[in-house]
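2 protein chains.
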Amino acid sequence: MPNIANDPNRKSWIEVPENSDFPIQNIPFGVFITKDDVVTIGTRIGNCAIDMGALQQLGYFEGIELTDDMFMQDTLNDFISDGKKTWRLVRNRLAELFDANNPKLRDNKSHREVVIFKVEDIEMLLPVQIGDYTDFYSSKEHATNVGKMFRDPENALLPNWLHLPVGYHGRSSTIVPSGVPVHRPLGQTMPADATSPIFGPSRLVDFELETAFITTDANVMGERISVDEAEDHIFGMVLFNDWSARDIQKWEYVPLGPFLAKNFASSISPWIVTMDALEPFRCASPKQEPTPLPYLQQTGNKAFDINLEVYIQPENGTESLVSKSNFKYMYWTMAQQLAHHTVNGCRVNSGDMMGSGTISGPTEDSFGSMLELTWGGKNPIKLNDGSERKFINDNDTVIIKGYCKNENVRIGFGECSSKLLPVIEK
Amino acid sequence: MPNIANDPNRKSWIEVPENSDFPIQNIPFGVFITKDDVVTIGTRIGNCAIDMGALQQLGYFEGIELTDDMFMQDTLNDFISDGKKTWRLVRNRLAELFDANNPKLRDNKSHREVVIFKVEDIEMLLPVQIGDYTDFYSSKEHATNVGKMFRDPENALLPNWLHLPVGYHGRSSTIVPSGVPVHRPLGQTMPADATSPIFGPSRLVDFELETAFITTDANVMGERISVDEAEDHIFGMVLFNDWSARDIQKWEYVPLGPFLAKNFASSISPWIVTMDALEPFRCASPKQEPTPLPYLQQTGNKAFDINLEVYIQPENGTESLVSKSNFKYMYWTMAQQLAHHTVNGCRVNSGDMMGSGTISGPTEDSFGSMLELTWGGKNPIKLNDGSERKFINDNDTVIIKGYCKNENVRIGFGECSSKLLPVIEK
Numbered sequence: 006m007p008n009i010a011n012d013p014n015r016k017s018w019i020e021v022p023e024n025s026d027f028p029i030q031n032i033p034f035g036v037f038i039t040k041d042d043v044v045t046i047g048t049r050i051g052n053c054a055i056d057m058g059a060l061q062q063l064g065y066f067e068g069i070e071l072t073d074d075m076f077m078q079d080t081l082n083d084f085i086s087d088g089k090k091t092w093r094l095v096r097n098r099l100a101e102l103f104d105a106n107n108p109k110l111r112d113n114k115s116h117r118e119v120v121i122f123k124v125e126d127i128e129m130l131l132p133v134q135i136g137d138y139t140d141f142y143s144s145k146e147h148a149t150n151v152g153k154m155f156r157d158p159e160n161a162l163l164p165n166w167l168h169l170p171v172g173y174h175g176r177s178s179t180i181v182p183s184g185v186p187v188h189r190p191l192g193q194t195m196p197a198d199a200t201s202p203i204f205g206p207s208r209l210v211d212f213e214l215e216t217a218f219i220t221t222d223a224n225v226m227g228e229r230i231s232v233d234e235a236e237d238h239i240f241g242m243v244l245f246n247d248w249s250a251r252d253i254q255k256w257e258y259v260p261l262g263p264f265l266a267k268n269f270a271s272s273i274s275p276w277i278v279t280m281d282a283l284e285p286f287r288c289a290s291p292k293q294e295p296t297p298l299p300y301l302q303q304t305g306n307k308a309f310d311i312n313l314e315v316y317i318q319p320e321n322g323t324e325s326l327v328s329k330s331n332f333k334y335m336y337w338t339m340a341q342q343l344a345h346h347t348v349n350g351c352r353v354n355s356g357d358m359m360g361s362g363t364i365s366g367p368t369e370d371s372f373g374s375m376l377e378l379t380w381g382g383k384n385p386i387k388l389n390d391g392s393e394r395k396f397i398n399d400n401d402t403v404i405i406k407g408y409c410k411n412e413n414v415r416i417g418f419g420e421c422s423s424k425l426l427p428v429i430e431k
Numbered sequence: 006m007p008n009i010a011n012d013p014n015r016k017s018w019i020e021v022p023e024n025s026d027f028p029i030q031n032i033p034f035g036v037f038i039t040k041d042d043v044v045t046i047g048t049r050i051g052n053c054a055i056d057m058g059a060l061q062q063l064g065y066f067e068g069i070e071l072t073d074d075m076f077m078q079d080t081l082n083d084f085i086s087d088g089k090k091t092w093r094l095v096r097n098r099l100a101e102l103f104d105a106n107n108p109k110l111r112d113n114k115s116h117r118e119v120v121i122f123k124v125e126d127i128e129m130l131l132p133v134q135i136g137d138y139t140d141f142y143s144s145k146e147h148a149t150n151v152g153k154m155f156r157d158p159e160n161a162l163l164p165n166w167l168h169l170p171v172g173y174h175g176r177s178s179t180i181v182p183s184g185v186p187v188h189r190p191l192g193q194t195m196p197a198d199a200t201s202p203i204f205g206p207s208r209l210v211d212f213e214l215e216t217a218f219i220t221t222d223a224n225v226m227g228e229r230i231s232v233d234e235a236e237d238h239i240f241g242m243v244l245f246n247d248w249s250a251r252d253i254q255k256w257e258y259v260p261l262g263p264f265l266a267k268n269f270a271s272s273i274s275p276w277i278v279t280m281d282a283l284e285p286f287r288c289a290s291p292k293q294e295p296t297p298l299p300y301l302q303q304t305g306n307k308a309f310d311i312n313l314e315v316y317i318q319p320e321n322g323t324e325s326l327v328s329k330s331n332f333k334y335m336y337w338t339m340a341q342q343l344a345h346h347t348v349n350g351c352r353v354n355s356g357d358m359m360g361s362g363t364i365s366g367p368t369e370d371s372f373g374s375m376l377e378l379t380w381g382g383k384n385p386i387k388l389n390d391g392s393e394r395k396f397i398n399d400n401d402t403v404i405i406k407g408y409c410k411n412e413n414v415r416i417g418f419g420e421c422s423s424k425l426l427p428v429i430e431k
């Protein structure tokens, strides 16, 4: 079925500001709550949020096989479970419905009034119930930087790193949408000069610039997904801030990996941008040397050219750009990550989320964490207001932005913004 | 409210065979499906499964504040969310209802016929929808054994081990109830004499003898649960086999912890034994030296005397006992684990599961994995049929049993049994 929603010549009868992340070629999916406390699945064009539950009740999805309440739910899990063909049918239908030349909804004022909201009048919720969340570690630059700082500068990459996309399990219960503030964590740390650990607020709270992808039901337990089939089971992507407490992490992570240093909070952008929308931005991924084992060998362009930016905004201040990176730098692709994750028969469900790992680029201004940008706190960053940061201060807001752009169209993610509040002392 | 369900003198009008794990003093909770495809929450006395959904419809829980369909659900999550007071009221009610001296249901044949099933006529399902699953590493003997084998025999415990209950996140999607077979995983391993990794079926599939506890909604994000309050948020316990592929684990686990070596499958016993039922079996936990930080300091007996056994049963053979251990050997208690898990503000939800980590005792026959029992495969175990095992063979069934016993009563878990099927080659 053709992906007609990507037609770069289409214009919408909804106004789309210049440089908007959400032209009619995007059509992302999310969940929001209206002022009247109605929760619905929706999409976004320009600065308008569109109530797909209302659209469905008004018959605008007729002809597409959907359960009656598909879009009147508080998560996208069931829709995602319906599979790629349905995602494409629905996205195509929305493109046609909001096409400048289609009068059907455009000229129906009473319908428009119940379907279209200003984005400032709604609140975005978590788009999926995340069953399991996995985080990978797939940027060679990031793994090298961390290896240089914490292990051996001469052998920064561990022996397995070039052979498999290293990953680990994270915690779903503390993943929150953009806009929800998070608290500095308490925890146990071992100061450099101490012989026993101390307890208190983490002193080294950091962001990690990541993206994440959302899967559909992909396999039954015991069976695997091939690298060639993997992309068919990916619904879309979000921006992801994997909040990290570096001092807690350093003390706890050997031998079983990061735990409390990560699971106090993670933040995602609320609109899931579909793989269909990202299709025009495919590009080559870095050459893999040595060649991976056959189950990880891929053909074609499986990377995506997504510009990524991180800003820090102090309380009552303006935002300062602290990193510019790109998703295309990732050594391991999403297809390889999903093939690896399931090669042992691990079941993947609709709504599962898999993070990329910190996305650091080749230059110092493209590193994806304060740990790397300040090289462990040695080289503080200066913000626009003249203040310095080694890590994130209380009441700072960290904002991740991401977008793809070519001569025809800009497809963006909006932002993943979250404020770090002080520790709750009790 | 008194915990009258524990009265050791109570007898049931349902016959309870000698040495049954399920006397009327147990009253565990589970979910099962009947021959007629009805899914319900239930309990067990002797060899009878009791349909609590039917009991509720017949009015037997009148006077207890419950939603109308509380027990007509396919998971215990909502019931667990109701909290400790409700759990106790329901368990007390069931004790009274099945008391030998209570004629109400005993003498109502038509009611009995729709409420009581033989256990061989039902199929046990997963009792909860597990949101997040965490596995700890809290047996000092196990951590020491592993440290001796893989790291430094002179410094087997890592520096953080005595200061905090080391834990990591696992995967919920592949946790299955007793009786569901699991497949040997495929994966990437690095042979000792090789310079590049190979791909194929794991050659070193192992069990891990564990228990796990199930939590209720315990806190909001950012807030913590004190060690003194922690037990109030634990609903009950199950037996747990944390299937492990040692060769995959060895190659993948540095630096972010075990991943595909664990997430192909984990098995649990299907009846959740409540903390109320386990109350008579409290005992002291090992002395902790050095004294942990204040947030981990506990008073009173927070360990439980639970006898644990592991059997291997070859295809068409009889079961051979390969390990006898006890939950009381655990260095870190469940209360400490939960306090540590939430000290950073990590939210815990109803139905979350936390594994103990491998429960190895002080003697060689009490080790909780083949890795330790055979000391890395050096000392194979002989089974009753004369065959030897270094690790688990295809078509072997691993059976974990667990029970508490004092002069008055035996409270057991039934079993966690799962067969290892060959790899699915495709």
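First to last, the protein sequences are chains L and Z. Per our numbering, the first sequence starts with residue 6, numbered consecutively. Per our numbering, the second sequence starts with residue 6, numbered consecutively. Positions of the beta carbon are idealized from the N, C-alpha and C atoms, including for glycine. All figures in this text were calculated on a predicted structure; none of them were measured in a lab.
Closer than 9 angstroms at the C-beta level to chain L, one finds these residues of the segment 245-274 of chain Z: A250, I253, W256, E257, Y258, V259, P260, L261, G262, P263, F264, L265, A266, K267, N268, F269 and A270.
Taking C-beta separations shorter than 6 angstroms and ignoring five residues to either side along the sequence, the partners of L/R15 in its chain run I29 and D104, following chain order. Residue pairing by DSSP puts L/R415 in a beta bridge opposite L/K410. Membership of Z/I50 in the beta strand (DSSP E) is indicated by the continuous run V44 to I50. The segment 38-58 of chain L makes contact with the segment 123-133 of chain L: 3 or more CB pairs, one atom from each, lie closer than 8 angstroms. When DSSP assignments are scanned along the segment 263-318 of chain L, the uninterrupted stretches of beta strand (DSSP E) that are 3 or more residues long and fall wholly within it turn out to be 271-273 and 312-318. Apart from sequence neighbours up to five positions away, the residues of its chain that approach L/A289 with a beta-carbon distance below 7 angstroms are N306 and A308, ordered along the chain. DSSP, read as helix, strand or coil, puts L/M335 in coil. Annotation: L/R49 to L/F218 spans about 19 angstroms, alpha carbon to alpha carbon. At a C-beta separation below 9 angstroms, Z/H168 has these neighbours in chain L: Q193, M195, S201, P202 and W256. A distance below 8 angstroms between beta-carbons, with the five flanking residues on each side excluded, links L/W18 to the following residues of its chain, in chain order: F103, D104, A105, N107 and R111.
Of all residues in the segment 364-386 of chain Z, none is placed with a Cβ closer than 7 angstroms to any Cβ belonging to chain L.
The closest CA to that of L/S330, considering only L/T338, L/I364, L/Q303 and L/P319, is found on L/I364.
Burial is judged here by how many other beta carbons sit within 10 angstroms of a residue's own beta carbon; Z/K123 has fewer than 16 and is exposed. When C-alpha distances from Z/M195 are compared across Z/S422, Z/I253 and Z/S143, the shortest belongs to Z/I253. According to the DSSP assignment, L/H174 belongs to the beta strand (DSSP E) that extends over G172 to H174. Between L/H168 and L/A344, the alpha-carbon positions lie close to 13 angstroms from each other. Contact check for Z/V232 against Z/R352 fails: the beta carbons are separated by 8 angstroms or more. Contact between the segment 422-431 of chain L and the segment 78-89 of chain Z is absent: fewer than three C-beta pairs spanning the two stretches fall below 8 angstroms.
Contact check for Z/K267 against Z/G175 passes: the beta carbons are separated by less than 8 angstroms.
Going by C-alpha positions, Z/L326 is about 7 angstroms away from Z/I317. Of the candidates L/G419, L/I429 and L/T304, the residue whose Cα lies closest to the Cα of L/S25 is L/G419. Residue-level contact by beta carbon fails for Z/N160 and chain L, as no gap is shorter than 8 angstroms. Here DSSP, grouped into helix, strand and coil, assigns Z/K89 to helix. In the displayed model, L/G58 falls within a helix according to three-state DSSP.
Using beta-carbon distances, Z/C351 counts as an interface residue toward chain L, with a partner under 8 angstroms. Relative to L/I32, the option among L/D237, L/M154 and L/L283 whose CA is nearest is L/L283.
In chain order, L191, I429 and K431 make up the part of chain L whose C-beta sits under 9 angstroms from the C-beta of Z/R229. Residues of chain Z with a Cβ closer than 9 angstroms to the Cβ of L/L298 are, in chain order, Q193, S201, P202, I203 and F204. With distances taken between CA atoms, L/V43 lies nearest to L/V119 out of L/V119, L/Y65, L/C53 and L/D87.
Interface with chain L (8 angstroms Cβ-Cβ cutoff): Z/Y408 is excluded. Of all alpha-carbon atoms in Z/V243, Z/E70, Z/L94 and Z/G417, the one lying nearest the alpha-carbon of Z/I9 is that of Z/L94.
Runs of the beta strand (DSSP E) lying entirely within the segment 122-158 of chain Z, each at least 3 residues long, are 128-130 and 138-141 in chain order. A residue is called buried once 16 or more other Cβ atoms fall within 10 Å of its Cβ, and Z/N113, having fewer, is exposed. In this structure, the straight-line span from the alpha carbon of L/M77 to that of L/L60 is close to 10 angstroms. Out of L/S272, L/G58, L/R229 and L/M242, the CA that lies nearest to the CA of L/Y300 is found in L/R229.
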